[in-house]
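J.: Take a look at this one; I'll ask things after.
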Amino acid sequence: MASEARKRKLAKDFHAADLNDDGKIGPEDLEQLARRACEEFGYAAGSAQHRAMYDANMDYLTAMQKHVDTDGDGRISEDEYVNFWLAGGEDEARSILRP
């Protein structure tokens with residue numbers, strides 16, 4: 002059984018990714034997360050590096066969304082997010098990264 006501390010940490014992680022605070026992680030949140038990753042690396046908007054990083058992040062985030070979104074509404078709820086990671090989502094997340 003997962004500890005309450007682990008559940009709270011996962012809930013906190015969920016809310017950090019729910020950038021528009023609507024209670025779901027949707028396409029608009031994924032796009033913003035991908036843009037933020039590019040900014041973290043200092044890639045200028047419009048550069049080849051920015052586009053490559055953005056595309057790679059969107060591919061990964063979109064694939065993850067398909068695994069985590071169990072009700073198929075195109076958005077990840079807090080319960081879906083927490084349950085995915087509590088059920089061993091690390092292995093699935095790694096498998097998405099493998100070619």
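Residue numbers for the sequence shown, in the numbering used here: 2 to 100.
Don't be surprised by glycine CBs; every beta carbon is placed ideally from N, CA and C.
Taking all protein chains shown into account, do 16 or more other C-beta atoms lie within 10 angstroms of the C-beta of Glu91, making it buried, or fewer, making it exposed?
T.: exposed
J.: In angstroms, rounded to a whole number, what distance separates the CA positions of Asn58 and Lys67?
T.: Asn58 and Lys67 have their C-alpha atoms roughly 14 Å apart.
J.: Looking at C-beta atoms only, is the number of pairs between the segment 46 to 58 and the segment 30 to 38 that lie closer than 8 Å three or more?
T.: yes
J.: Taking the alpha-carbon positions, what's the Trp86 to Ala49 distance?
T.: 33 Å
J.: Per DSSP, what kind of secondary structure is Ser4 in: helix, strand or coil?
T.: coil
J.: List the whole-angstrom C-beta distance separating Asn21 from Asp14, where the pair is believed to meet the contact cut-off of C-beta under 8 Å.
T.: Actually they are not in contact, since the Cβ atoms of Asn21 and Asp14 sit about 16 Å apart, beyond 8 Å.
J.: Would you call the CB atoms of Glu81 and Thr71 closer than 8 Å?
T.: yes
J.: Can you pull the DSSP bridge partners for Lys25?
T.: Ser78
J.: By Cβ distance, which residues of its chain are closer than 8 Å to Arg9, with the 5 residues on each side in sequence left out?
T.: none
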